[in-house]
Structure formats: structure tokens, C-alpha cells
Amino acid sequence: MIRLVAMDVDGTLTDGGFYLDGNGGEFKRFNVKDGLGIVSLKKSSVEVAFISGRFSKATAQRASELGVSRVINGIVDKLAALTAIADELGLDRSEVAFIGDDTQDVPCLKWAGLGIAVADASEDALSAADWISPRRGGEGALRDAAEYIFKVNRAAE
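Be aware that the sequence shown starts at 652, since it is given in my numbering, and climbs by one per residue.
Printed below as a string of C-alpha cells:
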């Protein structure tokens with residue numbers, strides 16, 4: 652049974668692009684379907700965490716809007732962050748899913764009981780994943796992953 656879903660942000664919850672306004676401001680595009688997937692996971696008592704290698708105020712804002720309180724924003728060692736969250740929650744790695752898109756996510760994809768990649772992930776992330784969303788990052792891949800996790804959890808009951 653999956654009890655924690657942790658995910659990368661840039662390239663997973665977004666299309667990987669961001670806009671800089673020249674004054675220190677940044678804009679990112681998030682998909683409302685992915686947000687609904689996150690809310691649905693939380694309603695089904697699955698913990699959700701964002702683990703981003705790049706610090707962004709937009710990431711913190713989106714997490715706040717979705718009620719995601721576990722946000723590690725701007726960290727190099729994502730695996731250390733993921734295992735710390737799992738330990739804090741008293742979870743075995745078999746109860747953890749991680750969703751990612753690039754090389755820096757591979758250790759988390761391999762460690763988690765369920766590694767999920769978005770369709771446009773790097774080759775090494777795709778190879779490390781147990782399941783691949785048919786959608787690209789920022790285009791509903793997280794919503795697809797949530798539906799897949801619900802199926803996994805129903806089968807485990």
C-alpha cells in the first residue's frame with residue numbers, strides 16, 4: 652500500500668520551463684488536473700511531498716494552495732530528503748512512491764517501492780521507473796500517476 656507520494660516539481664508538476672521577468676520574478680505553469688490528483692491523494696489519506704532541486708517561491712505557493720506541507724525546496728540530495736520524510740512517517744520504502752523526470756531523480760525512483768516517470772523523462776529516469784505515465788510533465792502526468800496509485804492501493808487491500 653502506498654502511503655507517501657513524493658515528487659520532483661520542475662519537469663514533473665510543470666513542463667520544465669519557467670519564465671524570468673528580469674527583476675527576480677519567476678513564473679511557472681501548473682496543470683489543474685495535476686492539482687486535482689494531489690488533492691485526491693490527500694483525501695485518500697496518502698501523504699504528499701514536493702522535493703525540488705531548485706528553490707522557487709512558485710513551488711512553495713503551489714504547495715500551499717494544495718495543502719502540501721512537506722516541501723523541500725532547493726535541495727541537492729533528494730534521496731536523503733525522501734528517506735528522512737519516510738523515516739519521520741514511519742514508512743518502509745515499499746510504502747513510498749516517487750515521481751520524477753530527470754537524472755537527479757534516479758536514486759529516488761530506484762529507492763521508492765514505486766518509481767514513476769513522466770512520459771518525457773530522461774532515458775535514465777525512464778529506465779529506473781516501475782511505471783511511466785503516458786503524459787508529459789505538467790500535462791496531467793501527476794493525475795495519471797494518482798489514478799495508478801489508487802489502483803495499486805485497491806489491489807493491496
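Beta carbons are placed, not taken as given, at the ideal position from N, Cα and C, and that holds for glycine.
{"Check": "Close Cβ partners of residue 747 (< 6 Å) along its chain, the five nearest in sequence each way excluded", "Outcome": "655, 737, 763 and 764"}
{"Check": "Three-state secondary structure (DSSP) of residue 701", "Outcome": "strand"}
{"Check": "Start-to-end residues for the alpha helix (DSSP H) that takes in residue 689", "Outcome": "683 to 694"}
{"Check": "Cβ separation of residue 791 and residue 685, assumed to be a contact under 8 Å, to the nearest whole Å", "Outcome": "6 Å"}
{"Check": "Sequence-distant residues of the same chain with beta carbon closer than 6 Å to residue 706, five excluded per side", "Outcome": "724 and 725"}
{"Check": "Where residue 802 falls, given that 16 or more other Cβ within 10 Å makes a residue buried", "Outcome": "exposed"}
{"Check": "Nonlocal neighbours in the same chain, by C-beta distance under 7 Å from residue 668, ignoring five residues either side", "Outcome": "none"}
{"Check": "Bounding residues of the beta strand (DSSP E) (the contiguous stretch that carries residue 765)", "Outcome": "765 to 768"}
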